[in-house]
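Colleague:
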Ligand SMILES: [Zn+2]
Ligand SMILES: [Zn+2]
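Numbering (this note's numbering), first residue to last: 169 to 475.
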């Protein structure tokens, strides 16, 4: 599905919404301080023509350029919590947008208490992060759930809308054609030459995909609940299990913690990020996580994931 726009075939409603571009790019995967290999936390989610950023650590604007993630076309930025490593890049990015275009495209900012921007960015709208649905679009929504870290720390849930898919042959055999596909979605039934057809007779619901990003978070029930059944959980793994005490004290997670959450939440896939600079070679983190949850990977800067 790489790089393709959704195919909308108006004459064939059963094919609508098949190809939705859905790509995640890890822009920065370090925790606390950067390394040569790992930049500060930031994650880009491209869904069709929309581009969302989750966290915007120092240097994010250069990472957007480096990994070719639509530099000037970010629609919304969500900052998970008011620790500098997660939002210092916001100021540079906004300033560059202001300087590079007389009228940059509109940008929605969702900021936790404690993160404020100057008032010279009329193209940006600021909303304070709260436990709620933040962004609602016809095809998806983004919501925030509080997690255990510092004050005003949140994880984010991206949820794609469920879609109605048609059993094409059956629908045609019952006399459906053309605009009847639209009508039946609206009214739940439609009259055809062969009689009345119910939506449930000729269709099924394809559940939307769900992605959860932990931000910085100690292992806790709230994140397990938020991640229930997710197609992808992106979870911080600042420490290895030998440093469990430190993780508890500083309200971070170990790789094993993250894997335990993935397992209990029944997610399909886990990617670890926010790797402490002390692990220049993070294979031990991967090993301890896979012992608990085999479908685990470790993020690296520039990693792209197609869903
Ligand atoms: Zn952090
Ligand atoms: Zn933090």
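Note that beta-carbon positions come from the ideal geometry of N, C-alpha and C, so glycine has one too.
None of these values were measured; they are calculated from a predicted model.
Look at the Cβ atom of residue 460, then the Cβ atom of residue 395, and state whether they are nearer than 8 Å.
Modeller: No. Outside cutoff.
Colleague: Rounding to the nearest angstrom, what Cα-Cα distance links residue 380 and residue 437 in this structure?
Modeller: Distance between the alpha carbons of residue 380 and residue 437: 11 Å.
Colleague: Give the single residue among 250, 315, 202 whose Cα lies nearest to the Cα of residue 421.
Modeller: Among 250, 315, 202, the Cα nearest to that of residue 421 is on 315.
Colleague: Are the Cβ atoms of residue 190 and residue 244 separated by less than 8 Å?
Modeller: Taking 8 Å as the Cβ cut-off, residue 190 and residue 244 do not qualify as a contacting pair.
Colleague: Is it a yes or a no for the segment 414 to 431 touching the segment 359 to 376, going by three-plus beta-carbon pairs under 8 Å?
Modeller: At 8 Å Cβ cutoff, the stretches do not touch.
Colleague: Rounded to a whole number of angstroms, what is the C-alpha to C-alpha distance between residue 169 and residue 188?
Modeller: Residue placement at residue 169 cannot be trusted, given a pLDDT of 38 that sits under 50; the coordinates are not used to answer.
Colleague: Relative to ligand 1, what is the chain-ordered list of residues with a Cβ closer than 7 Å to any of its non-hydrogen atoms?
Modeller: Those residues are 199, 200, 209, 251, 253, 254, 384, 442, given in chain order.
Colleague: According to DSSP, is residue 392 part of a helix, a strand, or is it coil?
Modeller: Three-state DSSP puts residue 392 in a helix.
Colleague: With a CB to CB cut of under 8 Å and the five nearest residues on each side skipped, what residues in its chain are close to residue 376?
Modeller: Cβ within range, chain order: 308, 327, 328, 329, 330, 331.
Colleague: Nearest CA to the CA of residue 429: which residue from 210, 463, 215?
Modeller: With distances taken between Cα atoms, residue 429 lies closest to 463.
Colleague: Could you give the residue range of the alpha helix (DSSP H) that holds residue 261?
Modeller: Unbroken alpha helix (DSSP H) run through residue 261: 257 to 268.
Colleague: Smallest Cα separation from residue 271: which of 292, 260, 280, 215?
Modeller: Looking at the Cα atoms, 292 is the closest of the given residues.
Colleague: Would you tell me roughly how many angstroms separate the C-alpha atoms of residue 388 and residue 255, rounded to the nearest one?
Modeller: Between residue 388 and residue 255, the C-alpha separation is close to 24 Å.
Colleague: Between residue 194 and residue 324, is the Cβ-Cβ spacing less than 8 Å?
Modeller: Against a cut-off of 8 Å, the Cβ pair of residue 324 and residue 194 comes out as no contact.
Colleague: Hey, out of 346, 213, 265, whose CA is closest to residue 246's CA?
Modeller: Looking at the Cα atoms, 213 is the closest of the given residues.
Colleague: Residue 251 by DSSP, collapsed to three states: which one?
Modeller: Of the three classes helix, strand and coil, the one that applies to residue 251 here is coil, per DSSP.
Colleague: Restricting to runs no shorter than 4 residues, where is the alpha helix (DSSP H) found entirely within the segment 272 to 352?
Modeller: Counting whole runs of 4 or more residues, the segment 272 to 352 contains the alpha helix (DSSP H) stretches 336 to 341.
Colleague: Measure the beta-carbon distance from residue 224 to residue 261 and round it to whole angstroms, keeping in mind my assumption that it falls under 8 Å.
Modeller: Right, their Cβ atoms sit about 6 Å apart.
Colleague: So the alpha helix (DSSP H) residue 367 belongs to, where does it begin and stop?
Modeller: Counting along the chain, the alpha helix (DSSP H) containing residue 367 begins and ends at 367 to 370.
Colleague: Return yes when the C-beta of residue 224 is under 7 Å from any heavy atom of ligand 2, and no when it is not.
Modeller: Flag unset: Cβ of residue 224 not near ligand 2.
Colleague: Below 6 Å CB to CB, which residues in the same chain sit around residue 409 once its five sequence neighbours on both sides are set aside?
Modeller: These residues qualify, in order along the chain: 422, 424, 456.
Colleague: What do you get for residue 442, buried or exposed, if any count of 16 or more other CB atoms within 10 angstroms of its CB means buried?
Modeller: Flag for residue 442 reads buried.
Colleague: So, at 6 Å on beta carbons, what are the nonlocal neighbours of residue 295 in its own chain, with the 5 sequence-adjacent residues on each side left out?
Modeller: The answer, listed in chain order, is 278.
Colleague: Tell me which residue opens and which closes the beta strand (DSSP E) that residue 399 is part of.
Modeller: Taken as a continuous stretch (DSSP letters only), residue 399 belongs to no beta strand (DSSP E), as it is neither H nor E.
Colleague: In angstroms with no decimal places, state the Cα-to-Cα distance between residue 471 and residue 284.
Modeller: C-alpha separation (whole angstroms): 30 Å.
Colleague: Could you please give the first and the last residue of the uninterrupted beta strand (DSSP E) stretch that includes residue 460?
Modeller: It is not in any beta strand (DSSP E) - residue 460 instead sits in the alpha helix (DSSP H) that spans 451 to 460.
Colleague: Going along the chain, which residues of its own chain have a beta-carbon closer than 7 Å to the beta-carbon of residue 320, five neighbours each way excluded?
Modeller: Correct list, in chain order: 249, 250, 280, 281, 282, 297.
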